[in-house]
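Have a look at the structure below before the remarks.
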Amino acid sequence: MTNLDRRAALGALAGATAGLAYAPAFAQAQAAQPSAPAANGAVPSDWVDPKTNHRIVRLSGDEGGGKLYFYRQQFTPEGDLLVYSTPQGITAVNLATRARRVIVADPRASLMFTSRRNRTAFYYISDEGEGQPTDRPRTLYAADIDSGESRQVGRIEAGQIWQMNADETLMVGTVAYGDAPLQPDVPDPRNRRFGQAEYSAVGPDGKPLNFAKAKGVRMLTRWAARVPMELFVLDLRTGERRVVHKANDWLNHAQFSPTDPDQLIFSHEGPWHRVTRMWRIRTDGTGLAPLHERTMNFEIWGHEFFGPDGQWLWYDLQTPRGQVFWVAGLELATGRRMWRRIEQNDWSVHFNVSPDGKLFAGDGGDADMVAHAPDGKWIVALRPETVTDAEPDTYQDDLVTPEYMRSERLVDMSAHDYRLEPNITFTPDGKWIVFGSNMHGSNHVYMVEVAPTPA
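Per our numbering: the sequence shown ends with 496, consecutive numbering throughout.
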């Protein structure tokens, strides 16, 4: 064991795994393998959860499927279709009729996101070759969701594309120079198409670590490597690639505002208690600034995402890690902050917000994760409640506004293996929440109705 590996292992055992983000959710997929058979026979297609009284519908076919990362656009603008990945390529499913149609019949195709403006799905195919997928050139395509016709829209020599801006003229990406796999003996430790993660490592005593601690070892090692990276934009009108920001920090999770085409946020990846996680920057490279700063030891924050109107940024905040939990918000224009308190069993790998901004949801987590929740394997709806103060006129806009999240359990995830992130996303009408799960053995895409089933 090298000094770096030993330091990583010790850090993991000391709690360094807490609050770690997973690696990029749609980096290049290995050739997708068929899903494993369901552990208890046929996978149900439509049922009411007996513990929650909420209806659940399976959207993917018997071949299985995987949904996009929680903040990525994955619906048509009209809200009638959801686009997702399958072992055969890319499929669209009608949310009302459940009818499915393959739109890209190529197992090499990796879905990136859909358009907010027209019925188009964007994907890439990486060149064949050795080394990590992100070190190889990849060609970017746009597929008409209705006709299935594809056209090339760009090409990058290395790295990955994260998202497209509000007026659909730019894509944002990151590239690392001299990076190494998170799991050295596995070229890509995750099946990127379906999001299943596989990490292994041993502790200082030579014994294998559990998944969460092994992931922490790998993440800490990658963060400590200080690999040179670039944040860049690709102009879809000209093909020009322009570097926005260079760093030896681990640049990750780049996102465009859904309303401001020149506003970017991105993260410094790594053990959350060792990094200043969230940053903002303009596409011309100006305005670089952190979005949250630490106020106490072991305060952590991350898994950030824009609200639908682009005015608020929301994120998981823990003060300190594993002890006090919030869904925190920042109003970008004013700097106003709102922290909404959640209970330990409601902490989730990811949170999300409904299209009208009134309802939040979380996808739960197992007991090995940062909250160490004794009963946290649930998908939950979270309803903000105002904290009533005896003297409300004493509130100051420059101070944090505290609120509380009242939870309702929607899906029993006790059979789910959280090596697969559920990655919850509200449907455009706000009536359902889409998620990925292996609760029946194979990886599938489901949705749960927000309203309970009538008695």
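Idealized CB from N, CA, C, for every residue including glycine. For clarity, every value in this text was computed on a predicted model and none was experimentally measured.
Reference residue i; option with closest CA among the options
{"i": "Asp301", "options": "Met205, Thr279 and Pro245", "result": "Met205"}
{"i": "Lys108", "options": "Ala492, Ala456 and His485", "result": "His485"}
{"i": "Ile389", "options": "Arg192, Phe366, Gly482 and Ala133", "result": "Correcting the residue type first, residue 389 is Ser in the shown sequence and not Ile. Comparing Cα-Cα distances from Ser389 to each of Arg192, Phe366, Gly482 and Ala133, the minimum goes to Phe366."}
{"i": "Ile166", "options": "Pro148, Leu373 and Val258", "result": "Pro148"}
{"i": "Arg158", "options": "Lys399, Gly120 and Met480", "result": "Gly120"}
{"i": "Pro396", "options": "Val89, Lys472 and Ala184", "result": "Lys472"}
{"i": "Val411", "options": "Leu136, Phe111, Lys256 and Ala217", "result": "Lys256"}
{"i": "Met379", "options": "Gly247, Ala402 and Pro425", "result": "Pro425"}
{"i": "Ala295", "options": "Tyr112, Ser86, Gly482 and Thr466", "result": "Tyr112"}
Cβ pair residue i, residue j closer than 7 Å
{"i": "Thr138", "j": "Glu104", "result": "no"}
{"i": "Met454", "j": "Val475", "result": "no"}
{"i": "Pro469", "j": "Phe116", "result": "yes"}
{"i": "Ile144", "j": "Ile186", "result": "yes"}
{"i": "Val368", "j": "Phe392", "result": "yes"}
{"i": "Ala184", "j": "Ala207", "result": "no"}
{"i": "Val274", "j": "Val213", "result": "yes"}
{"i": "Leu332", "j": "Met319", "result": "yes"}
{"i": "Arg177", "j": "Gly170", "result": "yes"}
{"i": "Leu100", "j": "Ile131", "result": "no"}
{"i": "Val316", "j": "Asp90", "result": "no"}
{"i": "Tyr436", "j": "Arg382", "result": "no"}
Exposure label - residue i; buried when at least 16 CB within 10 Å
{"i": "Ile440", "result": "For the sequence presented, residue 440 should be read as Leu rather than Ile. Exposed, because fewer than 16 other Cβ atoms sit within 10 Å of the Cβ of Leu440."}
{"i": "Ala62", "result": "Low local confidence applies: a pLDDT of 34 at Ala62 is under 50, so the model's placement there is unreliable, with the coordinate-based value given in what follows. Its Cβ being crowded by 16 or more others within 10 Å, Ala62 is buried."}
{"i": "Pro245", "result": "exposed"}
{"i": "Pro463", "result": "buried"}
{"i": "Lys92", "result": "exposed"}
{"i": "Asn386", "result": "buried"}
{"i": "Ala133", "result": "buried"}
{"i": "Glu310", "result": "buried"}
{"i": "Trp88", "result": "exposed"}
{"i": "Arg141", "result": "buried"}
{"i": "Pro495", "result": "exposed"}
{"i": "Glu432", "result": "exposed"}
{"i": "Ala77", "result": "With a pLDDT of 38 at Ala77, under the threshold of 50, the predicted position of this residue should be treated as unreliable, though the coordinate-derived value follows. Per the 10 Å Cβ criterion, exposed."}
{"i": "Pro299", "result": "buried"}
{"i": "His481", "result": "buried"}
Neighbourhood of residue i by C-beta, 6 Å cutoff - its chain only, sequence neighbours within 5 removed
{"i": "Ile341", "result": "Gly60, Trp313, His314, Gln359 and Arg362"}
{"i": "Gly189", "result": "Ile144"}
{"i": "Lys287", "result": "Glu271"}
{"i": "Ser86", "result": "Arg99"}
Same chain, Cβ closer than 8 Å to residue i, neighbours up to 5 away in sequence not counted
{"i": "Asn289", "result": "Arg267, Val268, Pro269 and Met270"}
{"i": "Val194", "result": "Phe163, Leu181, Tyr182, Ala183 and Leu277"}
{"i": "Asp303", "result": "Asn206, Arg323, Thr324 and Asp325"}
{"i": "Thr175", "result": "Ala68, Gln69, Ala199, Gly200, Gln201, Val216, Ala217 and Asp220"}
Cβ neighbours of residue i in the same chain (closer than 7 Å, five flanking residues each side left out)
{"i": "Pro65", "result": "Residue placement at Pro65 cannot be trusted, given a pLDDT of 31 that sits under 50; what the coordinates show is reported in the next sentence. The residues are Gln201 and Asn293."}
{"i": "Asn135", "result": "Asp121 and Leu122"}
Chain B within 7 Å of residue i, Cβ atoms only
{"i": "Val284", "result": "Here there is only one protein chain, and chain B is not present."}
(request) Please determine if the segment 369-377 and the segment 420-430 are in contact, where contact requires at least 3 C-beta pairs separated by less than 8 Å. (result) no
(request) Tell me, please, whether the segment 328-345 touches the segment 190-202 by the rule of three or more beta-carbon pairs shorter than 8 Å. (result) no
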